[in-house]
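Which chain is which? The protein sequence lines are A and B, in order.
Residue 0 is where the first sequence starts when you use numbering that gives the first Met the number 0, and the numbers rise one by one after that.
Residue 0 is where the second sequence starts when you use numbering that gives the first Met the number 0, and the numbers rise one by one after that.
Beta carbons: idealized from backbone N, C-alpha and C, even for Gly.
Heads up, the thing below is written out as structure tokens.
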Amino acid sequence: MNPDRRQFLGWGAAAAAGAAAVTTLAPGFRLIELAQARSPQEAASALQRWGLLIDITKCADCDACVTACHEENGVASLGRPETDAQWIRKVNLRDQRTGYAQTLPLMCQHCEHPPCVDVCPTGASFKRDDGIVLVDKHTCIGCRYCVMACPYGARSFVHEAVSGQKADVPRGKGTVESCTLCVHRVDRGESPACVEACNKDGGKAMLFGDLNDASAEIHGRLKSEPSSQIRADLALNTGVRYQGL
Amino acid sequence: MASVQYREIDGRSGAYRALLGALGALVLAGLGAAWSMEHQGHHITGMTNRIVWGTPHVFAVFLIVAASGALNVASVASVFGRELYQPLARLSGLLALTLLAGGLAVLVLDLGRPDRLIVAMTHYNFKSIFAWNIFLYTGFFAVVALYLWTMFERRMNRHTKPAGLVAFLWRLVLTTGTGSIFGFLVAREPYASALLAPLFIVMSFSFGLAVFVLVLMAACKWTGRALGDVVLNRLRNLLGVFVATVLYFVAVHHLTNLYIARQHDVERFFLWEGGIYTALFWLGQVLIGGIVPLALLFGTSSRRALAAAAACVILGGLAQVYVLIIGGQAYPQLMFPEKEVASSFFDGVVAAYAPSLPEVALGVGGVALALALTVVALKVLPFLPKSLADGDVGSAAA
Chain A
0 MNPDRRQFLG WGAAAAAGAA AVTTLAPGFR LIELAQARSP QEAASALQRW GLLIDITKCA
60 DCDACVTACH EENGVASLGR PETDAQWIRK VNLRDQRTGY AQTLPLMCQH CEHPPCVDVC
120 PTGASFKRDD GIVLVDKHTC IGCRYCVMAC PYGARSFVHE AVSGQKADVP RGKGTVESCT
180 LCVHRVDRGE SPACVEACNK DGGKAMLFGD LNDASAEIHG RLKSEPSSQI RADLALNTGV
240 RYQGL
Chain B
0 MASVQYREID GRSGAYRALL GALGALVLAG LGAAWSMEHQ GHHITGMTNR IVWGTPHVFA
60 VFLIVAASGA LNVASVASVF GRELYQPLAR LSGLLALTLL AGGLAVLVLD LGRPDRLIVA
120 MTHYNFKSIF AWNIFLYTGF FAVVALYLWT MFERRMNRHT KPAGLVAFLW RLVLTTGTGS
180 IFGFLVAREP YASALLAPLF IVMSFSFGLA VFVLVLMAAC KWTGRALGDV VLNRLRNLLG
240 VFVATVLYFV AVHHLTNLYI ARQHDVERFF LWEGGIYTAL FWLGQVLIGG IVPLALLFGT
300 SSRRALAAAA ACVILGGLAQ VYVLIIGGQA YPQLMFPEKE VASSFFDGVV AAYAPSLPEV
360 ALGVGGVALA LALTVVALKV LPFLPKSLAD GDVGSAAA
């Protein structure tokens, strides 16, 4: 190693140590807060598993989550309910014997073993390392096999031309789409729009977080409280869990 | 059977041109339907977010299944050494190719983005049975073309048997793949059964032979070629066995479901209270597609009865595929057992569906394409024997 390079590395090490000393005044207390969001260059990591916990005993008879989702993602109704895209919907349940009624939001369950990904011929349906299941709008050929395979009816086929698209949320006629868990917001360190709306205007039934993070509230609640998956018999290990079902 | 003489059809008559013109018009109508679906989107069809595979898929799956079955006559000749079928082998191979072409055309033109076909050819997810099918279908073209070459080229005749064996095995795998498109769908109660793969194979035997019989009878009649009773009676018995086998597999499938408590609602839907699907099952699939053909095939010996039976098998087959594909989607997915379910997505209710004109036009266009290709090929190459009279094929039948 030549002297110039050695000297340069020495300065670098000193600068790094200085920066650390300046920004971290005490453990957990920083002068400059570290960015929580991932940078655009940084890949999603399998260290995280994003998910939702929905307590349907708190789920009010409202559709704040649905409205917020469709507004956030530019999913507009064209007044044709059978062909309009629905990324999230409210499902009303009534027990056949007792008549006990419940309501809950249903969307892509972001499975660990997603059937939609298994069946997609081109690999357009894919799962990010952090568990978010998405559709690559450039390689979806519109075969709809994923719609056939999804146990939750979570996917919609875009039946006609779309307008008013959001910059973060590409959509296109002839392709399939579904809840992205607001991946564009998650990558900025924010919560999905449905969760934000539920906590602001709804029954505060929805909780978003990293299922793998032992310090996250969602992790703690899943560890200490009962919860369930829809169609747990399929062993898909969904990222969306329900309480009170 | 080296003495079998083949001859192209003349193809200069007014009737030939009229037939080709009519088929061409139907193909154009199908292309027009595909164009408007591509431009305006699938909302102009009867398909919805609940019924994402509609009438085009019924025609496409029927044609693809029939294609592999149409090859059976050739397989019986080459693989199983039945010389009576030898003169029919070329037509059998031809129909396998043209029916598959018609089916695939419908399938591709019904895609949301048919312009991205190149993506399907360059991006593969090998866990998907769809991706495998792309190879199985294109490979089938190559294998059957090679097989036909060994039949047409005298110097290659000695390779006909191994080529026929490869084609036979390939078609078994191919139909297994087609059945598994549905068999692998774990999330839908009407599907998710390993039985669907062998069921599709016996369906292909039946549908493919029915199409073959009708095309053979029409081609011989319209070109004035002799078609003896020896050949027809063999095909009659073979078709009868295939129709009965399909009924057997269907019965086993439903009986198994009836035994499983969680499948009771599915069976109640298809067999009893499913409206149009129940009617199509009993009247279309079982009666017209099964019982009537069996009565016609084994109850009488007239040619007209054979033709009518083959037509019934085709109609019943279309009904069967319709019940499977559309009925299977219309039946609500089970997410919340013991609950009544309601939502803006029509959860918990039987999905409504009515075939639209563009869908029917596209499907019929695929059938017309298959037939038009056949009609042209018969004129261009010697697929048909000069004679299938009893005396000409009788020695082999003995």
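Does any CB atom of chain B fall closer than 8 Å to the CB of A/E111? Sequence index remark: in the first sequence, residue 111 of chain A carries index 112 (1-based). For A/E111, the answer is no, since every Cβ of chain B falls outside 8 Å of its Cβ.
Which first and last residues belong to the beta strand (DSSP E) in which A/M106 is found? The residue labelled residue 106 of chain A in the question sits at position 107 within the first sequence. Run containing A/M106: 100 to 106, per the beta strand (DSSP E) assignment.
Taking only beta-carbon atoms, is B/I133 less than 8 Å away from chain A? The count along the second sequence starts at 1 and reaches residue 133 of chain B at position 134. Flagged as an interface residue toward chain A: B/I133, by a C-beta distance shorter than 8 Å.
From the DSSP output, in three-state form, read off A/K89 for me. In the first sequence, the residue the question calls residue 89 of chain A occupies position 90. Strand.
According to DSSP, simplified to helix, strand and coil, what is B/Q39? Taking the second sequence and counting its residues from 1, one reaches residue 39 of chain B at position 40. B/Q39: helix per DSSP, three-state reduction.
On the DSSP letters alone, give me the boundaries of the alpha helix (DSSP H) that B/S91 sits inside. Within the second sequence, the letter at position 92 stands for residue 91 of chain B. Segment 88 to 108, the alpha helix (DSSP H) holding B/S91.
Run through DSSP, which three-state label would B/M216 get? Locating residue 216 of chain B in the second sequence gives position 217, counting from the first residue. Annotated three-state conformation of B/M216 is helix, per DSSP.
Which of the three DSSP states is assigned to B/F82 in this structure? Position 83 of the second sequence, counted from the first residue, corresponds to residue 82 of chain B. In the sequence as presented, Phe is not what sits at residue 82 of chain B; that position holds Glu. B/E82: helix per DSSP, three-state reduction.
When we look at the beta-carbon of A/R240 and count the other beta-carbons within 10 Å, is it buried (16 or more) or exposed? Your numbering for residue 240 of chain A matches position 241 in the first sequence. Burial check for A/R240: the Cβ neighbour count within 10 Å reaches 16 or more, so the residue is buried.
With a threshold of 8 Å, are at least 3 pairs of Cβ atoms found where one atom belongs to the stretch 169 to 180 of chain A and the other to the stretch 157 to 167 of chain B? The stretch 169 to 180 of chain A is not in contact with the stretch 157 to 167 of chain B.
Helix, strand or coil for A/L206? Go by DSSP, reduced to three states. Translated into positions along the first sequence, residue 206 of chain A becomes position 207. Strand.
Would DSSP call B/K378 helix, strand or coil? Your numbering for residue 378 of chain B matches position 379 in the second sequence. It is helical.
Looking at the strands, I want to know which residues DSSP matches up with B/L387. Translated into positions along the second sequence, residue 387 of chain B becomes position 388. Bridge pairing for B/L387: B/L226 [DSSP].
For B/Q284 and A/E71, what's the separation of their Cα atoms in angstroms? Position 285 of the second sequence, counted from the start, is the residue given in the question as residue 284 of chain B. Position 72 of the first sequence, counted from the start, is the residue given in the question as residue 71 of chain A. Rounded to the nearest angstrom, the two C-alpha atoms are 48 Å apart.
Relative to the alpha-carbon of A/T97, which residue among B/E339, B/F206, B/V363, B/L377 has its alpha-carbon at the smallest distance? As a working note, residue 97 of chain A is residue 98 in the first sequence. Comparing Cα-Cα distances from A/T97 to each of B/E339, B/F206, B/V363, B/L377, the minimum goes to B/E339.
By the DSSP assignment, the beta strand (DSSP E) with A/L133 in it spans what residues? Position 134 of the first sequence, counted from the start, is the residue given in the question as residue 133 of chain A. If you look at A/L133, you'll find it in the beta strand (DSSP E) that goes 132 to 134.
So, does the CB of A/V239 fall closer than 8 Å to a CB anywhere in chain B? Locating residue 239 of chain A in the first sequence gives position 240, where the first residue counts as 1. False, the Cβ-Cβ gap to chain B never drops below 8 Å.
Thinking C-beta only, is B/T137 closer than 8 Å to B/E358? Numbered from 1 along the second sequence, position 359 holds the residue referred to as residue 358 of chain B. Numbered from 1 along the second sequence, position 138 holds the residue referred to as residue 137 of chain B. When the beta-carbon positions are compared, B/E358 and B/T137 stay at least 8 Å from each other.
Compute the Euclidean distance between the alpha carbons of B/A100 and A/E111, then round it to the nearest angstrom. What you label residue 100 of chain B is simply residue 101 of the second sequence in a count that begins at 1. What you label residue 111 of chain A is simply residue 112 of the first sequence in a count that begins at 1. Answer to the nearest angstrom: the Cα atoms are 38 Å apart.
Taking only beta-carbon positions, decide if A/S177 is within less than 8 Å of chain B. The sequence position of residue 177 of chain A within the first sequence is 178, counting from 1. Using a Cβ-Cβ cut-off of 8 Å, A/S177 does not count as an interface residue toward chain B, since no Cβ of chain B sits closer than that to its own.
Which bits of chain A does B/W52 rub up against, with CB to CB less than 8 Å? In the second sequence, residue 52 of chain B corresponds to position 53, counting from 1. Near B/W52 (Cβ distances below 8 Å), the residues of chain A are R143, M147.
Quick one: measure Cβ to Cβ for B/G362 and B/L296, integer angstroms, because I've assumed they're closer than 8 Å. As a working mapping, residue 362 of chain B is identified with position 363 in the second sequence. As a working mapping, residue 296 of chain B is identified with position 297 in the second sequence. With a Cβ gap of about 27 Å, B/G362 and B/L296 do not count as contacting.
For B/L379, which option in B/R11, B/S300, B/V60 has the closest C-alpha, if you only look at C-alpha atoms? Here residue 379 of chain B is taken as the residue at index 380 of the second sequence, counted from 1. The displayed chain sequence assigns Val, not Leu, to residue 379 of chain B. Taking only the C-alpha atoms, the option nearest B/V379 is B/R11.
Taking only the alpha-carbon atoms, compute the straight-line gap between A/E32 and B/I259 and give it to the nearest angstrom. Within the first sequence, residue 32 of chain A is the residue found at index 33, counting from 1. Within the second sequence, residue 259 of chain B is the residue found at index 260, counting from 1. In this predicted model, A/E32 has a pLDDT of only 49, less than 50, meaning its place in the structure is not dependable enough to derive any value.
Along the chain, where does the alpha helix (DSSP H) containing A/E195 start, and where does it finish? To locate residue 195 of chain A, count along the first sequence from 1; it is residue 196. It spans 192 to 200 - the alpha helix (DSSP H) in which A/E195 sits, taken as one unbroken run.
Whose CA, out of B/A193, B/A186, B/E272, B/L226, lies closest to the CA of B/L83? Working through the second sequence from its first residue, we reach residue 83 of chain B at position 84. Of B/A193, B/A186, B/E272, B/L226, the residue nearest in Cα terms is B/L226.
When the Cα of A/K165 is compared with those of A/A63, A/S226, A/L133, A/A75, which residue comes out closest? Numbered from 1 along the first sequence, position 166 holds the residue referred to as residue 165 of chain A. Out of A/A63, A/S226, A/L133, A/A75, A/A75 has the C-alpha closest to the C-alpha of A/K165.
Is the beta carbon of A/R170 sitting closer than 8 Å to the one on A/V161? Taking the first sequence and counting its residues from 1, one reaches residue 170 of chain A at position 171. Taking the first sequence and counting its residues from 1, one reaches residue 161 of chain A at position 162. Against a cut-off of 8 Å, the Cβ pair of A/V161 and A/R170 comes out as a contact.
Cutoff 7 Å; reference B/G23; Cβ partners in own chain excluding five residues on either side: The residue you call residue 23 of chain B lines up with position 24 of the second sequence. Excluding residues within five positions, the ones whose Cβ falls inside 7 Å are A371.
In terms of residues, what are the limits of the beta strand (DSSP E) holding A/V239? What you label residue 239 of chain A is simply residue 240 of the first sequence in a count that begins at 1. Under the DSSP assignment, A/V239 falls in the beta strand (DSSP E) whose first and last residues are 239 to 242.
Strand pairing of A/G50, partner residues [DSSP]: As a first step, residue 50 of chain A must be located in the first sequence, where it is residue number 51. For A/G50, which the question treats as bridged, DSSP gives the partners A/G208.
CB-CB under 8 Å to A/A234, same chain, minus the five flanking residues each way: which ones, in chain order? Along the first sequence, read from residue 1 onward, the residue named residue 234 of chain A stands at position 235. The answer, listed in chain order, is H112.
According to DSSP, is B/V64 part of a helix, a strand, or is it coil? What you label residue 64 of chain B is simply residue 65 of the second sequence in a count that begins at 1. Helix, per DSSP.
On the three-state DSSP scale, how would you describe A/A20? What you label residue 20 of chain A is simply residue 21 of the first sequence in a count that begins at 1. Only weak support exists for where A/A20 lies, its pLDDT of 47 falling under 50; the value from the coordinates is given anyway. Secondary structure at A/A20: helix, using DSSP grouped into helix, strand and coil.
Chain-ordered neighbours of B/F344 on chain A, where CB pairs are closer than 7 Å: In the second sequence, counting from the first residue as 1, residue 344 of chain B sits at position 345. Proximity of chain A to B/F344 at the Cβ level (cut-off 7 Å) is accounted for by Q85, R88, G152, in chain order.
Quick one: using the 10 Å Cβ neighbour count with 16 as the cut-off for buried, is B/D346 buried or exposed? Position 347 of the second sequence holds residue 346 of chain B. With 16 or more Cβ atoms within 10 Å of its Cβ, B/D346 is classed as buried.
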